[in-house]
Amino acid sequence: NAGVTQTPKFQVLKTGQSMTLQCAQDMNHEYMSWYRQDPGMGLRLIHYSVGAGITDQGEVPNGYNVSRSTTEDFPLRLLSAAPSQTSVYFCASRIFPDSFEQYFGPGTRLTVT
Amino acid sequence: DQQVKQNSPSLSVQEGRISILNCDYTNSMFDYFLWYKKYPAEGPTFLISISSIKDKNEDGRFTVFLNKSAKHLSLHIVPSQPGDSAVYFCAASPSDAGNNRKLIWGLGTSLAVNP
């Protein structure tokens with residue numbers, strides 16, 4: 004049981020490039036979410052999904068796209084990277100709707116130059 | 009506007025003593041609170057939670073206390089161990105969020121337990 008996995012662990016992008024951060028979980032959790040963590044800002048919700056085919060925006064969705072075609076996978080796409088998107092990105096999952104306890108992946112550290 | 013506030017960015021305690029981490033909130037609709045622990049280069053891991061219908065929840069060395077009238081909760085770690093050195097996040101969930109129950113996070117408190 005791997006829990007929540009994220010790839011890559013580190014990534015450097017140039018401004019304007021696009022990329023996809025991968026997230027997968029093997030716990031059959033319906034709820035998955037993406038956060039970014041920045042110094043002095045805590046964890047901020049980017050997008051979330053309550054099941055395959057259902058996604059919604061969080062606090063800071065601009066510049067990011069998500070889709071959820073399977074229960075297991077929830078990729079986060081950066082459409083045109085900007086330096087303001089330099090951050091650590093965490094994917095999380097939980098049982099929905101009965102639990103608040105989220106399981107986090109190890110994070111992806113992204114730098115946009 | 010921070011709805012969940014952890015006013016101490018850092019805390020240092022001696023091994024074996026009690027660590028007390030504090031969290032204040034402003035939204036009276038919060039009815040479920042969680043503490044997460046985060047080590048460097050890892051994702052946060054769930055530690056302990058409390059529902060607003062309780063004022064205390066214990067799990068081994070960890071106890072969370074909730075004072076609803078003061079909109080304050082605290083995490084007690086007794087006895088503190090060097091492996092407890094981490095960043096601790098307080099998070100809260102509003103009851104009016106329906107089934108989507110997003111978590112509102114504090115900024116974290118960095119705990120250092122010195123041998």
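Read top to bottom, the protein sequences are chains A and B. When we follow the working numbering, the leftmost residue of the first sequence carries the number 4, and every step to the right adds one. When we follow the working numbering, the leftmost residue of the second sequence carries the number 9, and every step to the right adds one. Beta carbons are placed, not taken as given, at the ideal position from N, Cα and C, and that holds for glycine.
Name, please, each residue of chain A whose Cβ falls closer than 7 angstroms to the Cβ of residue i.
| i | result |
| --- | --- |
| residue 19 of chain B | Chain A residues near residue 19 of chain B: none, gap ~17 angstroms exceeds 7 angstroms. |
| residue 113 of chain B | 45 and 46 |
Residues in the same chain with beta-carbon distance under 6 angstroms from residue i, minus the five sequence neighbours each way, listed in chain order, please.
| i | result |
| --- | --- |
| residue 78 of chain A | 23 and 25 |
| residue 28 of chain B | 82 and 84 |
| residue 74 of chain B | 58, 63 and 81 |
| residue 20 of chain A | 84 |
| residue 95 of chain B | 46, 116 and 118 |
| residue 13 of chain A | 112 |
| residue 112 of chain B | 11, 12 and 100 |
| residue 71 of chain B | 84 |
Quick one: list the residues of chain B neighbouring residue i, beta-carbon separation under 9 angstroms, in chain order.
| i | result |
| --- | --- |
| residue 61 of chain A | 110 |
| residue 88 of chain A | Within chain B, no residue comes near residue 88 of chain A; the closest Cβ sits about 19 angstroms away, beyond 9 angstroms. |
Less than 8 angstroms between C-beta atoms, sequence neighbours within five positions excluded: which residues of the same chain meet that for residue i?
| i | result |
| --- | --- |
| residue 3 of chain A | Nothing in the structure corresponds to residue 3 of chain A, since chain A is present only between 4 and 116. |
| residue 114 of chain B | 10, 12, 13, 14, 31, 97, 98 and 99 |
| residue 64 of chain A | 49 and 50 |
| residue 47 of chain A | 38, 39, 40, 41, 61, 62 and 63 |
| residue 26 of chain B | 84, 85, 86, 87 and 88 |
Just the chain B side, please: which residues come within less than 8 angstroms of residue i by C-beta, in chain order?
| i | result |
| --- | --- |
| residue 108 of chain A | 51 |
Cβ closer than 7 angstroms: which chain B residues qualify as neighbours of residue i?
| i | result |
| --- | --- |
| residue 48 of chain A | 110 |
| residue 93 of chain A | 51 |
If residue i sits next to residue j, beta carbons under 8 angstroms apart, how far is it from one beta carbon to the other, in whole angstroms?
| i | j | result |
| --- | --- | --- |
| residue 7 of chain A | residue 34 of chain A | Not quite, the Cβ-Cβ distance comes to about 12 angstroms (not below 8 angstroms), so this is no contact. |
| residue 53 of chain B | residue 44 of chain B | 6 angstroms |
| residue 50 of chain B | residue 121 of chain B | So it is not a contact: roughly 17 angstroms between Cβ atoms. |
| residue 17 of chain B | residue 103 of chain B | Contact doesn't hold; Cβ gap of about 29 angstroms is too wide. |
| residue 32 of chain A | residue 99 of chain A | 7 angstroms |
So with CB distances below 9 angstroms, who are the chain A contacts of residue i?
| i | result |
| --- | --- |
| residue 91 of chain B | Within chain A, no residue comes near residue 91 of chain B; the closest Cβ sits about 18 angstroms away, beyond 9 angstroms. |
| residue 73 of chain B | Chain A residues near residue 73 of chain B: none, gap ~18 angstroms exceeds 9 angstroms. |
| residue 97 of chain B | 45 and 46 |
| residue 101 of chain B | 103 |
Who are the neighbours of residue i on chain A, taking C-beta pairs under 8 angstroms?
| i | result |
| --- | --- |
| residue 40 of chain B | 103 |
| residue 116 of chain B | 45 |
| residue 54 of chain B | 104, 105 and 106 |
| residue 165 of chain B | The first residue shown for chain B is 9 and the last is 123, placing residue 165 of chain B beyond what the model contains. |
Note down, in chain order, each residue of its chain lying with its Cβ closer than 7 angstroms to the Cβ of residue i, except the 5 sequence neighbours on either side.
| i | result |
| --- | --- |
| residue 55 of chain A | 71, 72, 73 and 74 |
| residue 68 of chain A | 80 and 82 |
Item checked: Residue ranges of each beta strand (DSSP E) within the stretch 67 to 91 of chain B, 3 or longer -> 70 to 75 and 80 to 85
Next item on the list: Indicate whether the contact test is met: 3 or more Cβ pairs, each with one atom in the stretch 101 to 112 of chain A and one in the stretch 69 to 78 of chain A, closer than 8 angstroms.
Entry: no
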